[in-house]
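Peer 1: Count along the sequence shown from 1, then add 4; that gives the number in our numbering.
The beta-carbon is built from N, C-alpha and C at its ideal position, and this holds for glycine as well.
Being a predicted model, the structure only gives us computed values, none of them experimental.
A single structure is presented below for examination.
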Amino acid sequence: MKKPVIALVVGVLVFVVSTSAQGFQSTAEKLDKFIEASMKDWKIPGLSIAVVAEGKVVMAKGYGVRTLG
């Protein structure tokens with residue numbers, strides 16, 4: 005179970021760094037799509053993410069369902 009989570013974290017970090025030159029709104033939308041697709045592929049029921057830039061939280065969001073099934 006740890007390997008998919010680690011892969012997701014690494015994927016998100018690479019994704020955020022690679023799109024840092026683009027506008028934040030576009031990056032946030034792409035990040036949403038990436039996370040939702042990754043959750044579906046790896047059957048992850050839920051997760052939370054926070055993006056911190058220069059010591060401030062610039063994005064915080066929860067994904068998934070409240071209950072399994």
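(1) What are the start and end residues of the beta strand (DSSP E) that includes K47?
(2) With distances taken Cα to Cα, identify the nearest neighbour of T31 among V62, G68 and G66.
(3) Alpha carbons only, please: which of A64, P49 and K60 is nearest the one belonging to V9?
(4) Quick one: what's got a C-beta closer than 6 Å to A25's C-beta in the same chain, skipping five residues either side?
Peer 2: Looking at the coordinates:
(1) In the sequence shown, residue 47 corresponds to position 43, counting from 1. No beta strand (DSSP E) holds K47; DSSP gives it neither H nor E.
(2) In the sequence shown, residue 31 corresponds to position 27, counting from 1. With distances taken between Cα atoms, T31 lies closest to V62.
(3) The sequence position of residue 9 within the sequence shown is 5, counting from 1. Nearest option by C-alpha distance: P49.
(4) Taking the first residue of the sequence shown as position 1, residue 25 is located at position 21. Here A25 scores only 49 on pLDDT, less than 50, and its place in the model is too uncertain to base an answer on.
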